[in-house]
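Here the sequence shown is numbered in the UniProt record's numbering, starting from 1 and rising by one per residue.
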Amino acid sequence: MEERIEAFLKNFRNNIVEMKDEDYQRNVNALANRRLEKPKTLRALSNRYWHEIEGRQYSFNRSEIEVEDLRKITKDELLKFYDDKIMADSDKRQKLSVRVRSTVKGAVPEDNGKTVTEERGGTVE
1 MEERIEAFLK
11 NFRNNIVEMK
21 DEDYQRNVNA
31 LANRRLEKPK
41 TLRALSNRYW
51 HEIEGRQYSF
61 NRSEIEVEDL
71 RKITKDELLK
81 FYDDKIMADS
91 DKRQKLSVRV
101 RSTVKGAVPE
111 DNGKTVTEER
121 GGTVE
């Protein structure tokens, strides 16, 4: 699974590199429009405000501030961030990998190609 994730991240970087500037800007605008979309219900608006209050941030215009910053990010800056923080060969990268094991009785496949049979407590090929 780890290898697949790393392959995806490497491939996704290529998608950014090959993206035309117009497409990049279109994506930025789509994200900005989505962030600036007004809540459709009073409950959604209330939740947004309560989130700020509970987090003790009190930035009730957070969406506008984030969109302003988003529009300043160039494609080159995004790639630099991606290279520094996401790519596997970066010395600045930090990664957390969590594996969850099932508690269901029976055969559970493992990364090494073997199967652990929990009922017997042994390993079977």
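In this text, a Cβ means the ideal position worked out from N, Cα and C, and glycines have one as well.
Between which two residues does the alpha helix (DSSP H) carrying residue i extend?
i   : result
Y49 : L42 to E54
D21 : D21 to L36
I5  : E2 to E18
S63 : R62 to L70
Measure how close the beta-carbons of residue i and residue j come, nearest whole angstrom, since I'm counting them as under 8 Å.
i   : j   : result
E77 : R35 : With a Cβ gap of about 18 Å, E77 and R35 do not count as contacting.
K62 : A32 : At residue 62 the sequence reads Arg, which differs from the Lys that was named. Their Cβ separation, rounded to whole angstroms, is 13 Å, which puts R62 and A32 out of contact at 8 Å.
P39 : R48 : 6 Å
K92 : D84 : 5 Å
E54 : F60 : Not quite, the Cβ-Cβ distance comes to about 13 Å (not below 8 Å), so this is no contact.
Going by CA-CA distance only, name the one from the options that's closest to residue i.
i   : options               : result
E18 : G55, L79 and V100     : L79
N29 : K85, E54, T74 and K92 : T74
K10 : W50, Y82 and R26      : Y82
F12 : L96, K105 and M87     : M87
N2  : R99, E52 and E64      : Contrary to the premise, residue 2 reads as Glu rather than Asn in this sequence. Considering only alpha carbons, the answer is R99.
E37 : N14, E64 and S102     : E64
Is residue i close to chain C? Criterion is C-beta to C-beta, closer than 8 Å.
i   : result
A30 : You won't find chain C in this structure, because it holds only one protein chain.
At a cut-off of 7 Å, is residue i close to the ligand HEM when judged by its beta-carbon and the heavy atoms of the ligand?
i   : result
L42 : For the structure depicted, the ligand HEM is absent and the ligand set is empty, with no information on it obtainable.
* Can you list, in chain order, the stretches of the alpha helix (DSSP H) that have 4 or more residues and sit fully within the region 84 to 109? -> Within the region 84 to 109, no complete alpha helix (DSSP H) run reaches 4 residues.
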